[in-house]
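Enquirer: Going left to right, the sequence shown walks through residues 1 to 457 as the UniProt record's numbering numbers them.
All residues carry an ideal CB built from backbone N, CA and C; glycine is no exception.
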Amino acid sequence: MFSTKLPQNHQPVTFQPGQCVISHSPDNMNEGASSGGEKQELKFKRVILQDQNKPENMIQRQQVIRLTYLITAMDLTCLFMQIGIIPYLAKSLGLDSVEFGYLQTTFGVLQLLGGPIFGRFADQFGTRAALTLSYLSGSAFFLLLSISTSVPLLFLSRIPSVFMHGLPGAQMVITDLTTPAERADALGKLGLCFGVGVIIGSSLGGTLSTKFGTYFPSYLAVVASLISAMIVMTCIPAHTKPKSEGQATQQRTSQSSVFSLKEILRLLKLPGVKEVFLIKVFSGLPTGLFLVMFSIISMNFFGLEAAQTGYLMSYFGVLQMVVQGLVIGRLTSRFTERTLIMLSVLVFSGVGLAMALMTNVFHYCIIALPMVFALCTMGIITDSILTKSVPPSDTGAMLGICASVPPLTRTVGPTLGGILYKMFGVSAFGYLQLVVNIALFLYIFKNKVPQNEEKVQ
1 MFSTKLPQNH QPVTFQPGQC VISHSPDNMN EGASSGGEKQ ELKFKRVILQ DQNKPENMIQ
61 RQQVIRLTYL ITAMDLTCLF MQIGIIPYLA KSLGLDSVEF GYLQTTFGVL QLLGGPIFGR
121 FADQFGTRAA LTLSYLSGSA FFLLLSISTS VPLLFLSRIP SVFMHGLPGA QMVITDLTTP
181 AERADALGKL GLCFGVGVII GSSLGGTLST KFGTYFPSYL AVVASLISAM IVMTCIPAHT
241 KPKSEGQATQ QRTSQSSVFS LKEILRLLKL PGVKEVFLIK VFSGLPTGLF LVMFSIISMN
301 FFGLEAAQTG YLMSYFGVLQ MVVQGLVIGR LTSRFTERTL IMLSVLVFSG VGLAMALMTN
361 VFHYCIIALP MVFALCTMGI ITDSILTKSV PPSDTGAMLG ICASVPPLTR TVGPTLGGIL
421 YKMFGVSAFG YLQLVVNIAL FLYIFKNKVP QNEEKVQ
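#1: Could you tell me which uninterrupted alpha helix (DSSP H) segments, each at least 4 residues in length, are contained entirely in the segment 61-149, listed from first to last along the chain?
#2: Taking only runs that begin and end inside the segment 285-353, name each unbroken alpha helix (DSSP H) of 4 or more residues, in chain order.
#3: Cβ atoms of leucine 154 and leucine 89: under 9 Å apart, would you say?
#4: Specify whether the segment 126-135 and the segment 227-234 touch according to this definition: at least 3 beta carbon pairs, one from each stretch, less than 8 Å apart.
#5: Could you pull the start and end residues of the alpha helix (DSSP H) that lysine 189 belongs to?
#6: Where does leucine 357 sit, in a helix, a strand or coil, going by DSSP?
#7: On the three-state DSSP scale, how would you describe valine 162?
#8: Is it buried or exposed for leucine 285, if we count other Cβ within 10 angstroms and need 16 for buried?
#9: According to DSSP, is asparagine 447 helix, strand or coil?
#10: If methionine 164 and glycine 138 are in contact, beta carbons under 8 Å, what's the gap, nearest whole angstrom?
#11: Taking glycine 329 as the reference, give the member of Ser384, Gly272, Arg128 with the closest Cα.
#12: Contact defined as beta carbons within less than 8 Å: I believe glycine 205 pairs with isoleucine 85. What is the distance between those atoms, to the nearest angstrom?
#13: Just mark methionine 423 as buried or exposed, buried being the case when its beta carbon has 16 or more other beta carbons within 10 Å.
#14: Pick from Leu353, Val449, Cys376, Glu263: whose alpha carbon is nearest that of alanine 428?
#15: Can you give the Cα-Cα distance for glutamine 8 and valine 436, rounded to whole angstroms?
#16: Would you tell me roughly how many angstroms separate the C-alpha atoms of histidine 363 and leucine 369, rounded to the nearest one?
#17: CA-CA distance, threonine 253 and leucine 192?
#18: If you draw a straight line from the alpha carbon of glutamine 62 to that of threonine 178, how long is it in whole angstroms?
#19: Taking contact to mean at least 3 C-beta pairs separated by less than 8 Å, is the segment 213-224 in contact with the segment 140-152?
#20: Please check the pair glycine 115 and glycine 400, which I expect to be a contact at CB under 8 Å, by giving their CB distance rounded to whole angstroms.
#21: When the Cβ atoms of the segment 337-353 are set against those of the segment 372-387, are three or more pairs found closer than 8 Å?
#22: For a test of the three-state rule: what should DSSP assign to alanine 229, helix, strand or coil?
#23: Does the structure place the segment 412-420 close enough to the segment 329-340 that three or more beta carbon pairs sit under 8 Å?
#24: Of all the options Leu291, Tyr421, Gln324, which has the alpha carbon lying nearest to the alpha carbon of threonine 309?
#25: Might you give, ordered along the chain, the residues of its own chain that have their beta carbon closer than 8 Å to the beta carbon of cysteine 365, omitting 5 neighbours on each side?
#26: To the nearest whole angstrom, what separates the beta carbons of proline 180 and lysine 448, a pair I think is in contact under 8 Å?
#27: How close, in whole Å, do the beta carbons of serine 283 and leucine 440 come, if the pair is a contact with beta carbons under 8 Å?
#28: Sort Ile419, Met342, Tyr421 by Cα distance to lysine 446 and report the nearest one.
#29: Look up tyrosine 421 in the DSSP assignment and say whether it is helix, strand or coil.
#30: Can you check whether the CB of phenylalanine 142 is closer than 9 Å to the CB of glutamine 82?
#31: If you reduce the DSSP assignment to three classes, tell me which class proline 180 lands in.
#32: Let me make sure I understand the geometry here. Which of Gly197, Glu99, Phe80 has the alpha-carbon closest to that of valine 318?
#33: Once DSSP output is grouped into helix, strand and coil, what is the label at serine 404?
#34: For isoleucine 236, which three-state DSSP category applies?
#35: Among the residues of its own chain, which have a CB less than 8 Å from the CB of asparagine 360, if the five just before and after it don't count?
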């Protein structure tokens, strides 16, 4: 057991293999000594940083992080298995394209609503409880999907997805267990997990459904989700962040409801948060709309068969693995966050122009590399900035808000993307990307965003 000796007015954090125990020892708090508060806070942060750098605690943290990567890859594999079979299941139950759009929108809305709530739940009850909730919700989701023999049951199976946030939960664990200097690189490596999920999940789901029936991947996903929940309950620390850090903020958070909209809005009003968050939303929105419509575009514009579209998605997943796992970590050690954000916006602008001129699938294969680079870099750097811009006790809520961006795109994407594609064609996505990101580049260039410019490592 490893114990950290902290200042007298803080609770010691005690680690032991496989779990995190917060030891509550008697302390004599002097609430009136506010004049030395800033010095005590700085002293506490130095103690925490020194403790994290001890070899034994570094080993323990790395073990938890690696385990988090493993269960995240398993969770995403299950998710992409069902994404591959849902269209065939919906068709077999008699859903037309409009009704299937309603099904996808339902999933997006539930994820959009659940993201911030899940983040606040993690801040109040710990990442172990949050991840357990996510994987148990996943088990219920796949179980209901496996018995969806009618359209109402298929829509009912979407409800547990409101708390299915395995990837944001993994981001919360990594954020808590890494220093700000390590954070962007560690978050980037989650891209490897995402790539594994895309490649293995998509291919495995199709193979299993062909050999053993449409529902078989759901049975397998139920078992895998339950195994992940058991691993979390036995091996992930109950609280990955020191409870004493930002104690006043932690007390305020715990006294408010998990569903408090006021607390969520409070985070967006903190200095520098709203600006970075809006850049995160708008920079990738046109590309997000394109990707939402990609199945239709690949069929009508590129003239691809279903199998060829699957290969193209696998190619996209491999690119994401390479960029997030191998490239971003090196960039963050050499360039400032502001530089990387501006670079991403410039690349997005170039991608927009190329998309506007694109005429065949070969062009798209070339464009995909800078597109993935810009998406991954912008996502990871903005997540890193935003988690450093809020108190440590609110990082989960902030990551939950960030996690609501993809569901927002999936919610408005089918309608807005469909209108753009029908009225103006594929080039509309490119021109929109170009205009939006040129405007963002001028805004970032004129204003100091982020406020505190620093190298990530």
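Expert: By the coordinates alone:
#1: 97-125, 127-146
#2: 294-300, 306-322, 328-332
#3: yes
#4: yes
#5: No alpha helix (DSSP H) contains lysine 189, which DSSP labels as neither H nor E.
#6: helix
#7: helix
#8: buried
#9: coil
#10: 5 Å
#11: Ser384
#12: 5 Å
#13: exposed
#14: Leu353
#15: Residue placement at glutamine 8 cannot be trusted, given a pLDDT of 43 that sits under 50; what the coordinates show is reported in the next sentence. Going by the C-alpha atoms only, they are around 52 Å apart.
#16: 11 Å
#17: Because threonine 253 carries a pLDDT of 48, less than 50, the predicted location of this residue cannot be relied on, and the following value inherits that uncertainty. The straight-line gap from Cα to Cα measures roughly 33 Å.
#18: 9 Å
#19: yes
#20: 5 Å
#21: yes
#22: helix
#23: no
#24: Leu291
#25: Leu312, Tyr315
#26: About 19 Å separates the two Cβ atoms, so there is no contact after all.
#27: 6 Å
#28: Met342
#29: helix
#30: yes
#31: helix
#32: Gly197
#33: coil
#34: coil
#35: Phe302
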